[in-house]
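As structure tokens, the structure follows; a few thoughts come after it.
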Ligand code: HEM
């Protein structure tokens, strides 16, 4: 089905994401009959209807009827279109499913059609609609699989965001060969991450040509998104690794309470917050690139690290040791130099035994004051993948950070942490990825990655 994007329900005639503000067609009126119009707001209506009209061309008579209670309230919808992709400064949702894909086609046209199809599908999913619109999960065509797998029908949009990024391996293969004619557009900062001390990376959990991060307040919504994008990608891209996260470990908005990681500590206290626009502009969004890399302006770099925690060892440490390692109080999240959660740590403050915050604590080593002011927007999740066969939990933190440049905002910090951090005794990095997230779709008829693939 990928040979002709226009045949895929949900994809407009030019294969692009449904156009914002497009006039509803006669067939789109049937969507209104199903009560969907009432669930969508303003300019969003046209955006979805543009695609829904195409979708309804396929067996709309027996469309899969969402339950009356399934109308997605506007409050649970995060706008997909925008200057930047959603899912970065969006208030961190509670659940995550991230998948990295290997591109299996050698054709640039196929890659373009994949990004168009995915963009179109994400447009539907972000509104709590099945891929292909209301008929996508059913219809009267008994000879084909439905366009949508169906398990999210009856659920709200759950604040779903789907964020897409490109790995270095999409541009050049292991021998440095240009895979799709994109090598000259490879931004310098999209490096091969170096080996960090203590890394125990597993090939099968690392790398990937394209990453797709789906975050939502409902785990079924996030998994549904990855499943359907994976299905759409069949023949063009296959899943290399994926990870489910069950609890956010960061707050990305001042309106959010600070959550806790599996060490039981508040995590995200000193994170970059969406409200600090100038900090986000300086430390998160790519800008000022010229020439062949200019396509990436408005994007960001996404670092992923699967960090397993040796939970059982940690749980046997006394509270004093745990706090020493982090540099903060477990209950309140306050720095050990005093104050409350949001008090700035005072690394110079001394007690009877030296600095109140140990120089090798996690906070002391990762603080911007140690890294020329570099800050990162952390957006990680707790994960548990069962047990390891020896009775130990395979659990930890799926670390995600968005940064303006990994050479200045990630590599030096990870190097210092890996060498000296007291926390290293309790963690093991088993997966790694670095991706460049292209800018968002901010004009009608566009798709994710267009500035790279057609610019
Ligand atoms: C399992 C691994 C990790 C755990 C459990 C963990 C936990 C924490 C905790 C509890 C805090 C203090 C609260 C806060 O400000 O958010 C913190 C802060 C921080 N962490 Fe981590 N972290 C981990 C890995 C990493 C990694 C891999 C990096 C980057 C390479 C990193 C970078 C930071 C930064 C930049 C801060 C804020 C420091 C500040 O400005 O005070 N963390 N982390």
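In this note's numbering, the protein residues as written are 52 to 506.
Glycine included, each C-beta is placed from N, C-alpha and C at the ideal position.
Residue state for residue 428 is assigned as strand, using DSSP reduced to three classes.
Counting the other Cβ atoms within 10 Å of the Cβ of residue 195 gives fewer than 16, which makes it exposed. Set against 8 Å, the gap from the CB of residue 356 to the closest heavy atom of the ligand HEM is smaller. For residue 418, the shortest C-beta to heavy atom distance toward the ligand HEM is below 8 Å.
Straight across, the Cα-Cα distance linking residue 235 with residue 343 is about 7 Å. Per the C-alpha coordinates, the member of 496, 244, 347 and 317 positioned closest to residue 215 is 347.
Judged by the Cβ position, residue 457 fails to qualify as a neighbour of the ligand HEM at the 8 Å threshold, every heavy atom of the ligand being at least this far. Ranked by Cα distance from residue 334, the options 233, 429 and 204 are led by 429. Secondary structure at residue 353: strand, using DSSP grouped into helix, strand and coil. Below 8 Å, too few C-beta pairs join the segment 311 to 321 and the segment 153 to 169 to call them touching: fewer than three. Taking C-beta separations shorter than 6 Å and ignoring five residues to either side along the sequence, the partners of residue 146 in its chain run 267, 270 and 273, following chain order. Distances taken from the Cβ of residue 379 to the heavy atoms of the ligand HEM include one shorter than 8 Å.
The ligand HEM never approaches residue 367 closely enough for any of its heavy atoms to be under 8 Å from the residue's Cβ. Listed in chain order, the non-local C-beta contacts of residue 361 below 6 Å within the same chain comprise 477, local neighbours out to five positions each way being set aside. With a cutoff of 9 Å on beta-carbon distance, residue 320 and residue 379 are scored as near each other. For residue 293, the closest of 355, 366 and 440 by C-alpha to C-alpha distance is 355.
If the five residues before and after residue 199 are omitted, its C-beta is found closer than 7 Å to the C-beta atoms of 181, 182, 183, 187, 188 and 279, all from its own chain and listed in chain order. Secondary structure at residue 346: helix, using DSSP grouped into helix, strand and coil. Close CB contacts of residue 406 within its chain, under the 6 Å cut and outside five residues either way in sequence, are absent. By the neighbour-count criterion, in which a residue is buried when 16 or more other Cβ atoms sit within 10 angstroms of its Cβ, residue 501 is buried. The beta carbon of residue 444 lies closer than 7 Å to those of 362, 435 and 438 in the same chain, with the five residues before and after it left out.
With a cut-off of 8 Å, the C-beta of residue 242 is classified as distant from the ligand HEM, since no heavy atom of the ligand falls inside that distance. The Cβ atoms of residue 209 and residue 127 sit closer than 9 Å to each other.
By the Cβ neighbour-count rule, residue 401 is exposed, with fewer than 16 other Cβ atoms within 10 Å of its own.
Exposed is the label assigned to residue 243, since fewer than 16 other Cβ atoms lie within 10 Å of its Cβ. The residue from 384, 457 and 291 with its alpha-carbon nearest to that of residue 482 is 291.
In the three-state reduction of the DSSP assignment, residue 376 falls in the helix class.
Beyond the five residues adjoining it in sequence on each side, residue 419 comes within less than 8 Å, by CB distance, of 425 and 426 in the same chain, given in chain order. Here residue 450 has 356, 358 and 431 as same chain residues with Cβ atoms under 6 Å from its own Cβ, once five neighbours each way along the sequence are excluded. Between residue 241 and residue 404, the alpha-carbon positions lie close to 43 Å from each other. By the neighbour-count criterion, in which a residue is buried when 16 or more other Cβ atoms sit within 10 angstroms of its Cβ, residue 474 is buried.
Collapsing the DSSP output to three states places residue 474 in a helix. In this structure, DSSP gives residue 317 an extended state, which the three-state scheme calls strand.
When the Cα atoms are used, residue 460 and residue 366 turn out to be separated by approximately 31 Å. Membership of residue 459 in the alpha helix (DSSP H) is indicated by the continuous run 457 to 460. Between residue 150 and residue 263, the beta carbon gap of about 5 Å places them in contact (Cβ cut-off 8 Å).
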